[in-house]
Amino acid sequence: MHKPSASSSFGAKPSGEHPHRWYERYPRALPVGVFALTLGVTAISVAAVEHAEDGREAAQLSQTTASISSAIERRAGSSAMSLRAGAALIATQTKFDPATFGLFIDQLGQEGRASGAEGIGWVARVDPGQESAFAAEVRASGVPGFAIRPDGAAQGGMDRYVVRYLRPATPRNNRAIGFDMASERVRREAMMSAAQFGRPTASGKIVLVQEDKATSPPGFVLFMPVYSSAAMGHHLRGFVYTPFNARAFLASSVDIDRMSGVGFALYDGDAAPANLLYQRALAGGPVRTETRHVVVADRSWTLVVSIPDGTLFSPVSLMTLLFGLLVATLLLVLARLVTQQASEDRTTLEWFEQQSSIRNSLVRELNHRVKNTLANVLSILALTRGRATDLDSFAQSLDGRVRALSATHDLLTQSDWGSTSIRALIEAEMAPYVRDQSGGVTLSGDPVMLAPNDALSLGMAIHELATNAAKYGALSVEAGRVSIAWRMVTAQIAQLDWAESGGPTLDPVASRKRGFGTELIQKIVAHELKHPVELEFLPGGVRCRLMVAVREGGNFAMREQKPG
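Structure follows, in structure tokens:
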């Protein structure tokens with residue numbers, strides 16, 4: 000088996016040993032695999048959330064159904080208890096005239112109080128052959144025109160059960176007075192069942208007698224038998240009853256108007272269209288339903304409650320799906336970045352090379368600044384020597400002008416590399432040339448503050464212009480003048496104009512030969528200031544126009560001030 004030499008560790012690894020080589024050979028396999036795996040986990044999570052949400056909706060529906068059914072049973076039980084109390088009270092009365100019935104209603108306290116109930120009434124038992132006498136007795140008690148209906152004798156010699164009283168005595172309820180309950184099968188069966196077992200019993204689905212149309216909403220009736228006492232001979236005297244409108248009964252049991260988003264269907268017996276008592280259906284869309292049997296006064300009802308089946312995804316599922324897609328995308332990007340590691344390494348090497356080039360440029364710039372500084376020192380020395388009258392004045396002037404050369408850098412340092420005014424910057428740069436030249440340099444302009452980088456670039460330009468003026472321009476002679484003016488031309492741009500006058504006449508041919516300082520101003524400074532520099536070498540003197548950006552302090556803060 001071939002073994003690599005020891006020197007091979009310093010060279011490129013074989014393709015089979017490179018730890019990232021398979022990423023390069025299959026650049027899409029890893030990202031796609033990670034993306035598919037993350038999507039699979041997300042799909043499982045969404046399925047789990049949907050299952051939990053489905054269980055929550057089922058539990059909510061079951062709880063709502065149980066609450067409604069319990070409310071219906073409680074409401075029916077309350078009415079049944081009232082009828083039981085009324086039956087017990089009536090059973091003790093030997094005479095049951097309108098005044099006695101009114102007293103019974105007052106003592107019971109039920110007239111018009113129970114929402115959903117049409118009232119409380121009394122159904123009197125009338126033996127066969129006694130119909131005429133009973134009708135005459137009622138008319139004599141103050142109800143003229145009273146008649147038992149439907150007209151005719153009871154079939155088969157059966158007793159008749161006639162509505163005698165119904166309170167409250169409204170025109171609507173008065174329609175029921177005189178109606179024979181036994182003439183209709185559903186009511187008759189309910190009364191017979193109540194009489195057989197001696198407890199309140201609900202009838203099946205009917206249209207109440209007091210309704211004026213056969214198509215009126217359905218209802219039902221609760222009957223409670225009343226027997227005479229043993230002393231009067233135990234026999235059935237009649238029924239205390241309460242008629243109900245089905246919708247009003249349900250509304251009195253449950254506040255259906257407040258239960259938005261819930262549908263109801265209440266059936267007498269099985270859930271068949273013919274047995275429907277009341278229904279409030281949900282508008283459109285799939286629904287989830289639950290069916291429950293409810294016992295109302297010995298009668299079985301069917302309650303169907305429905306709620307919306309929900310959207311395709313619940314909010315939690317949607318958030319989980321979106322989060323999963325986001326994570327999958329991020330992992331895809333991350334995996335793709337891993338496959339590009341080699342390319343990034345090459346980019347890093349190129350960056351280091353660029354930084355090396357920048358350092359070389361900085362060294363050249365430093366060398367140039369040092370040379371300019373030495374040239375300034377020589378110029379200052381010559382100017383000072385020409386104007387000095389003795390050795391002491393010469394030394395004093397020379398010392399002050401050399402010290403002024405470091406003013407610009409000190410100015411930025413003192414401001415902690417924050418904003419610096421144009422005036423202070425120019426004064427620092429021009430200080431070595433104006434100590435003994437009253438009026439040689441004129442400054443005028445608005446108060447403008449510059450960012451550190453912009454101040455350094457502008458200072459570099461002023462330094463080069465001042466150096467040139469001291470060597471060859473207006474500052475090289477006693478009568479020379481330099482005017483520096485600046486102003487804001489827009490909200491974020493300041494314009495600075497440098498104008499020399501009174502200096503030596505410039506040679507246009509020699510001015511075309513640009514030195515490093517001219518290149519620095521027109522290229523590097525223009526690049527740093529992000530605006531072109533207009534530099535002209537006119538016979539009367541140098542003209543230069545610079546555009547400087549004026550930025551807010553928060554955009555160029557180099558470091559945070561530590562809390563004091």
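Numbering follows numbering that gives the first Met the number 0, in which position 375 of the sequence shown is assigned residue number 374; successive positions increment by one, without gaps.
Note that CB positions come from ideal geometry on N, CA and C, so glycine has one too.
Remember, it's a predicted structure, so these values are computed and weren't measured experimentally.
Between the beta-carbon of Arg486 and that of Gly444 there is about 6 Å, and that keeps the pair under the 8 Å contact cut. Note that the region 239 to 258 touches the region 117 to 133; at least 3 beta-carbon pairs, one per stretch, sit closer than 8 Å. Within the region 112 to 166, the runs of alpha helix (DSSP H) at least 4 residues long that lie entirely inside it are, in chain order, 130 to 139.
In summary, Ala194 is buried, with 16 or more beta-carbon neighbours lying within 10 Å of its beta-carbon over all protein chains present. For Arg55, the enclosing alpha helix (DSSP H) covers residues Ala28 to Ala90. Following the DSSP letters along the chain, one finds Ile483 in no alpha helix (DSSP H) but inside the beta strand (DSSP E) bounded by residues Arg480 to Met487. For Asn452, the enclosing alpha helix (DSSP H) covers residues Pro451 to Lys470. Two segments are said to touch when three or more pairs of C-beta atoms, one from each, lie closer than 8 Å; by this definition the region 287 to 304 does not touch the region 27 to 36.
Here DSSP, grouped into helix, strand and coil, assigns Ala296 to coil.
Pairing Met459 with Leu545, the inter-Cα distance amounts to about 12 Å.
Within the region 242 to 294, the complete beta strand (DSSP E) segments at least 3 residues long are 262 to 267 and 275 to 279, listed from N- to C-terminus.
Under the DSSP assignment, Phe196 falls in the alpha helix (DSSP H) whose first and last residues are Arg184 to Phe196.
Counting the other Cβ atoms within 10 Å of the Cβ of Gly323 gives 16 or more, which makes it buried. With contacts defined as CB atoms closer than 8 Å, Ile104 and Val304 fail to qualify as a contacting pair. Residue burial is scored here from C-beta neighbours: Ile176 has at least 16 other C-beta atoms within 10 angstroms and is therefore classed as buried. Apart from the 5 residues on each side of it in sequence, Val40 sits with its Cβ closer than 8 Å to the Cβ of Gly323 in its chain, given in chain order.
Membership of Arg422 in the alpha helix (DSSP H) is indicated by the continuous run Ile421 to Val433. One thing to note: Pro307 has its Cβ within 8 Å of the Cβ of Val286. Exposed is the label assigned to Met318, since fewer than 16 other Cβ atoms lie within 10 Å of its Cβ.
In this structure, the CA atom of Thr93 is about 14 Å from the CA atom of Leu102. Just measuring C-alpha positions, the residue of Ala87, Pro97 and Ala181 sitting nearest Glu136 is Pro97. DSSP places Glu499 outside any alpha helix (DSSP H); the residue lies instead in the beta strand (DSSP E), whose first and last residues are Ile492 to Ser500. Taking the CA atoms as reference points, Ala271 sits about 33 Å from Asn173.
Of the residues assessed, Leu457 falls on the buried side of the cut-off, its CB having 16 or more other CB atoms within 10 angstroms. About 15 Å separates the Cβ atoms of Leu265 and Leu281, ruling out a contact at the 8 Å cut-off.
When Cβ pairs closer than 8 Å are counted between the two stretches, the region 77 to 87 is seen not to touch the region 44 to 58, the count staying below three.
In this structure, DSSP gives Pro170 a helical state, which the three-state scheme calls helix. When the alpha-carbon of Ser500 is set against those of Asp453, Ser482, Ala490 and Asp506, the nearest one is in Ser482. The Cβ atoms of Leu276 and Pro217 sit closer than 8 Å to each other. When secondary structure is reduced to three states using DSSP, Ala327 falls in the helix class. A direct Cα-to-Cα measurement between Gly144 and Arg138 gives close to 7 Å.
Here Met180 is buried, its C-beta having at least 16 other C-beta atoms within 10 Å. Counting of Cβ neighbours within 10 angstroms places Ile89 among the buried residues, the total reaching 16 or more.
Here Ser305 carries a strand assignment [DSSP, helix/strand/coil].
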